[in-house]
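These notes are about the structure you will find just below.
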Amino acid sequence: MPMAFTVENVEMAFTAQNLEMAFTAGNVEQVVTQFYVADQTTQANIHQWLVDAQMSPEAWLFVWELLQPNKAPEVQFFAATTLHAKVVKSWHEIPVDQYESLKRQILQSILNYCMGPKIVLNKLCIALTAYVFQTLTTHWPSAIPELLATFQPSNLVDLPPARTVWILLQILTVLPEEFQKSQLPQNHKNVVRNELQKNIPFVLPLVESVLATNTSGDELSFDVTKQTLSCASAWFQLGVPLPDCERLADHLISSVFRALSLPPHQSSSLVDSALDALSNMVTHPDSHRYPRSCMQMLSKLLPLQQIIQLKTDRDDQEMRGSIYSLFISFAENHCRLLLDTVLIEGEAKSNVLQLVHLILDCSNSPGAYPTEENTSQLAFGYWYILQDDIIGSEPEQHTQYLSLFAPVYCRLAEVLLHKSVLPDNDDAWTCEEKEAFRCYRQDAADTMLYCYNILLEQLLRLLLGKLEEALEQHQADGRRWQPLESCLHAFFSVAESVPVGEARHLPRLLATLQRLPFQRLDMRVVSTCLDVIGAYAEWINAHPEVLNCVIPLLVMGLGTPQVAPAATMSLKDLTRDCQSSMAPFAHVILQAVQVSLRGNRLKVNECVRLMYTVGRLLSVRPMEEIMNYLNQMLMPYVEELLALTTLEANGVVKAGILLRLKMLGNLFSSLDVKAPRGGSESEGDQSGQPASSGGETQPVLLVLQRVLPVFRAVVDRWGEDEQVLEAVCSGLKNAVSTLLDDSLPLLSDMTHMLVKAYHSRPHTAVLDLARQLIVMFGKDKTQAALMESLLQEICSVTLQKTSPPACVNLSEQTDILEYFFNLLAQLLKKIPDFFALTSGIDRGKVFQCSILALSVPEAPTVKASASFLVNFISQSREMPSLFSVVQSCGEVLTRRILRNIVQVVTGGEEPAGAGGRWLVSAGGESPRSVLEHLADVLLALNKKHGDSLSRWLHGSLLTDAVPLPRASPQQKEQFVKNVLKERANKRKLQETVKEFSLVCRGLIGTEYGAQSSPFF
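Sequential numbering from 3 applies to the sequence shown in the numbering used here.
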C-alpha cells in the first residue's frame, strides 16, 4: 500500500533519499510547500528533485494545473519558473504544430495574473519572451506588432486601461532585458537582435505617447510612467539610432522635472529611471556615429543642472549624484568628440565647457568624503580620460587644448588638495568609512598625477605656493596641520612623473622641508614628509647635494616610533637609488639604525626593512669597517637566535626566531660588495661594473660561515614549523643569490641541512631552495655528485610521502607536488641531461606520480605537473631513459588526460608498472580551468610520439576503455582526428579539448557551460 502523501511523509522520504516519486501536479505542489518549511539538508534534496521535475517531460502537463488561481503563490511562482525553464532548455520537446497552442496558453496565463501576484506575472512575461526568441525568426516574425495589437484597452475591456498598458510595457521591457542575458547560439542571437531592432519603430511611438499623456498623479499612473521609463531604458541598450531619439529625449527630460513635484519616494524612483534611460541613450556604443545628434543631446541635457542647484539638502545627494553620473557618462563616452568641438567657436563649444565645469563642480562637492558627501568620487575616471586624450592629440591641437583646460586642471588640483585633507579626528568613523576614505585619497592622488601630466611645472609651482601658505597657517595656528599634510601628499603623488632633471622647484621643496617645525608637527605630517623624501629618491640620486637636508630628517624619524614605518621605507628607497651618494652619511645612519634596533620600539617589518638599508650602506664601505659593524650590530642577533633555540617552544620564542631569521635574510639580499653600485659618483658606477675587486671576499660568506651552524640548530629544533623553515630557506636563498659561485665552500653544508629538513618534513620552501641550487650548480662538474645526491633525496622523499600508506589523498600534498614538479620542469628546461642521467632516480615512478597529480582539483598543481610532463616528453626523443618511460606509461597518461577532460569520476587508477603502490584517490577530477594545460600535454605527445598517441587515443576512446555516455561515436572519432592533426597551433587544440569536454559533460550549448568556460 503506497505511503500517504503528508508533509511529514514527504520530509521522511527526502531524508531517506527516496526520490522516486512521480512528477505529478499533486506531488510537485506538496514538495514545493514542504521546501519552505524543511531543514537545510532536506531542502537540498527537495531542490534537486524539483530541478529534475522541471526538466522532465511531465512538466509540460503539471505546469498549467499549478498555475491555477487557487494555488498558493509559491506554487504559482514555481510553475511560472518551470514554464520559462522548459521554453529555454526543452524547446526541442515541443512539436511544431503545438507552437500556436503554447503561445495562447502563455498569453492567457499572463491575462489571468494581470492583477498579480507581480512576481508570478513577471516570470510569465519572461517565459513569453523566451517563446518569442525561439520563434521570432521563423514562426512568429510579427510577434511585437501582434503583442501591441493584443494588449489594447479596446480588446481587454475587463481591465482598467492603465493596467493593460502597464502589462504591455512590462512585456516590452523584459524582451530586451532578457535578450541581453540570454545564452542563445551566437548566430541565432544576432538574427534575433536584428529582428528586435526592426521593431524599434513600433515601440518608441508607444513610449512617447504614454510619457506625453500619462501625467496624472495617482498610484497607477505612477506605475505606468515608471514602467515606461524602464521600457525605454531597456530598448536603448539594443541601440536606437540617436537621431530617432530626439523627441523621446524631450519627454524623458520633462519626466524628470515633473517628478520633482511628486512625493519624495516616487520622485526619486522616477528620476532614477528617467536618468538611467537617458544614460543608456547617449552612451550606447553606436551613439558616436551621430556626432551632430550627440551635441544636440548635450544641449537638451544641460538644463538638468538646475536640479543640482535646487537640491542642496543632504537628503538630495543621491539625486544629485544620479544627474552628475549622467553628465560624466556622456563626457567619458564622447570625450574625443567634445575635444574636437571646443576647437570650433560657437554654442557647442560653450556647452562643452559648461559640461566640464559641471564635472569640476561634482569633484568639488561640499562636505567631507565619505561622511558628508559621496558624489565627488564619481568624476575621477573622467579626469583620466580627458588628460589621456589631450596628451594623445596632435601638437597643434595640444597647444589649443592646454590654453582651454590648463585652468580647469589648476582648479581641479586645488579641489583635490582641499578634498584630501585628513579629518581632525576620525575616531568616530567606522572601519568602512576609514577604508573608503583611504581608497578615495588614493584615487585623488592618481588624479593629481593626471593634473601634473597636463600642467607639468605649473603644478609644481602651484603646489609650492600652497605649501608655503599652509606652512604660514600652521605657524599662526599649530592646530591647522591638515593643509600642510595635504600639500606634502600631493608632492608624493606626482613623484613618479617628475623628471630627474627638474632643477627649479624640487630644490625649493627640499629647502621648505627643512623649515618644517618637526617638534610641533602632528606625526601624520612628519610621516608624509618622510614619504615624500623616499618618493624622490631617484631625483635625489641626480642631485646628491640635497642629502644634507634629508638625512637628518630620516635619522630623526628612526627615533620616533609613530613615523618609523615611513622613515624605514624612505631609507630603503634612498639606499636603493643613491647607494654611492650616501656613503658619506653611512656612519650616521648606521649608528641611528643600531640605536633604533636596540631600543625595541620598532615593529617586525621595520626591523627587517632596516637590514636592507644596513646591507646597502655597508656594501660601499671598506671591508674592515663592514666586519666591525657586523660584529657590533649583527652578531648579538645571531647569539640571541642560538639562545632562543634552547628555550621551550612557544609563541614568543617563535616570534623572536622569525624576526632574527628575516633580518638576516634581508641583510643577505642587500650586502654585496661585488654588485654594480647605485648612484653616479664613481667611475665604476658609471660603467656598471662592481665597485670592489672581483677577488675580494664577500662579507655575506663570512657571516654565513658563522650563521650556518645556528641555522642547523634552528632546523633541528623547529624543522616541523612551516614559518620557521620557510624563513631559514628564504635567508639561504638570498645568500646564495648574492654570493653565486662564492657560496661553493658552504654548498655541502647547506645541502645536507636541506636533505635533513626535507626528510623530517617536506616543505615547499626546501624545494624552492633546492631548485635554485641544482639549476645554479648542476652543470658544475665539481658539484655534480652533490647536486645529484640532493635530487635523489628530494625525489625519493617526495615519492614516499605521496604514496600509500603515507598518503591516501594526493590533495593533501598538493603544495609539495606543485613545487616538486616545478623543480623538475625547470631542470628539464635548463639542464635536461642532469635529470635524464642522474642515477638513483626512478623516473618511471616520478612520471606516474605526475600522471596522478593531473587529477587533483588544485589548478596550480595540475599546471606544474603538466609543465613537467610537457618538458619530459619534449626531451624524450633525444634521451633513451626518458623515451622508454613515455612509451611504457604513455597510454595511462592518455587515459588520465581523457578522464580529466570528460570528468569521469572513477576514484583511483593504477598506472602500469607501479607495483600496486599508486592506487591513490586524487580527490575528484580536475576542473575545466586546467583544460588548457592538459591540451599542452596532448600537443607534446603528438609532436614527439604521434604514432603512439594515435594508438593510445583509439584504444581509449573508440574501444570504450574510457566510457563516454554523452559522446557519440562520430564525436569521438572527430575528436581523435582533430587532436592528431594539430601539432603546432596550441590555441586550436585547446579549443578542441574544451569543446569535447563540454560535450562529454553535457554542458555544450548551456548557459553554465558558456559562463564558466575559461576560454571566454
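Yeah, the Cβ is synthetic: ideal placement off N, Cα and C, and Gly gets one too. Fair warning: this is a prediction, and the values are worked out from it, not measured in the lab.
Neighbour-count burial assignment, residue i, 16 or more Cβ in a 10 Å radius
i, result
"Y38", "exposed"
"E180", "buried"
"N196", "exposed"
"P97", "exposed"
"P178", "buried"
"G733", "buried"
"M117", "exposed"
"H94", "exposed"
"G667", "buried"
"V1001", "buried"
"H589", "exposed"
"V344", "buried"
"A838", "buried"
"R662", "buried"
"G601", "exposed"
"G842", "exposed"
"N944", "buried"
"R291", "exposed"
"H359", "exposed"
Residues of its chain near residue i, where Cβ-Cβ distance is below 6 Å and the 5 sequence neighbours each way are ignored
i, result
"A234", "V209, A279"
"A744", "With the sequence shown as reference, residue 744 is identified as Asp, and Ala is not the correct amino acid for it. Correct list, in chain order: Q700, L703."
"S762", "G721"
"M525", "Q564, V565"
"V537", "First, the residue type needs correcting, since residue 537 is Ala and not Val in the sequence shown. Closer than 6 Å at the Cβ level, and outside the excluded window around A537, lie F494, A497."
"N366", "V417"
"C551", "L512, Q516"
Limits of the alpha helix (DSSP H) - the one that residue i falls within
i, result
"A569", "566-579"
"T285", "266-285"
"K803", "786-803"
"K781", "Neither: K781 is in no alpha helix (DSSP H) and is coded neither H nor E."
"F587", "It is not in any alpha helix (DSSP H) - F587 carries neither H nor E in the DSSP assignment."
"D1020", "What the structure shows of the chain is the stretch from 3 to 1018, and residue 1020 is not part of that stretch, so it cannot be assessed."
"F25", "Looking at the DSSP string, F25 is not in any alpha helix (DSSP H), and its letter there is neither H nor E."
"L240", "221-241"
"Y292", "Neither: Y292 is in no alpha helix (DSSP H) and is coded neither H nor E."
"D817", "816-832"
"V452", "Note on residue identity: the sequence assigns Tyr, not Val, to residue 452. Segment 433-457, the alpha helix (DSSP H) holding Y452."
"P882", "882-904"
"E396", "Element bounds for E396: n/a, residue is neither H nor E."
"K656", "653-672"
"H190", "188-200"
"A942", "933-946"
"E641", "637-646"
Cβ shell of residue i (< 8 Å), same chain only, five flanking positions each side left out
i, result
"Q56", "T83, T84, A87, K88"
"H400", "I392, I393"
"L63", "A27"
"I121", "P75, F79"
Close beta carbons around residue i, own chain, < 7 Å, minus the five adjacent residues each side
i, result
"Q356", "L304"
"Y371", "S378, Q379, K421, F439, Y442"
"E608", "A566, P567, T570"
Within-7 Å CB hit, residue i to chain D
i, result
"L612", "Protein chain content of the structure displayed is limited to a single chain, and chain D is not contained in it."
Which ranges does the alpha helix (DSSP H) cover as unbroken runs of at least 4 residues, wholly within the stretch 98-183, from first to last along the chain?
101-114, 120-137, 145-152, 163-183
Every unbroken alpha helix (DSSP H) inside the stretch 321-378 [4 residues or more]:
337-343, 349-365
Just checking, does the stretch 640-647 make contact with the stretch 592-602 on the three C-beta pairs under 8 Å criterion?
no
How do the stretch 278-296 and the stretch 231-246 stand: do at least 3 beta-carbon pairs fall below 8 Å, yes or no?
Taking 8 Å as the limit for Cβ pairs, the verdict is that the stretch 231-246 does touch the stretch 278-296.
Do the stretch 411-428 and the stretch 484-496 touch if we need at least three Cβ pairs shorter than 8 Å?
Between the stretch 411-428 and the stretch 484-496, the count of Cβ pairs shorter than 8 Å is three or higher; the stretches touch.
Taking only runs that begin and end inside the stretch 468-556, name each unbroken beta strand (DSSP E) of 3 or more residues, in chain order.
Along the length of the stretch 468-556, whole beta strand (DSSP E) runs at least 3 residues long do not occur.
Does the stretch 859-873 touch the stretch 810-830, meaning 3 or more C-beta pairs lie closer than 8 Å?
yes
Taking only runs that begin and end inside the stretch 845-876, name each unbroken beta strand (DSSP E) of 3 or more residues, in chain order.
none
Let me know the alpha helix (DSSP H) ranges lying completely inside the stretch 34-70, each 4 residues or longer, listed in chain order.
Runs of the alpha helix (DSSP H) inside the stretch 34-70: 42-57, 61-68.
Between the stretch 337-354 and the stretch 409-416, do at least 3 Cβ pairs fall closer than 8 Å?
no
For the stretch 794-811 and the stretch 761-780, state whether three or more C-beta atom pairs, one from each stretch, are separated by less than 8 Å.
yes
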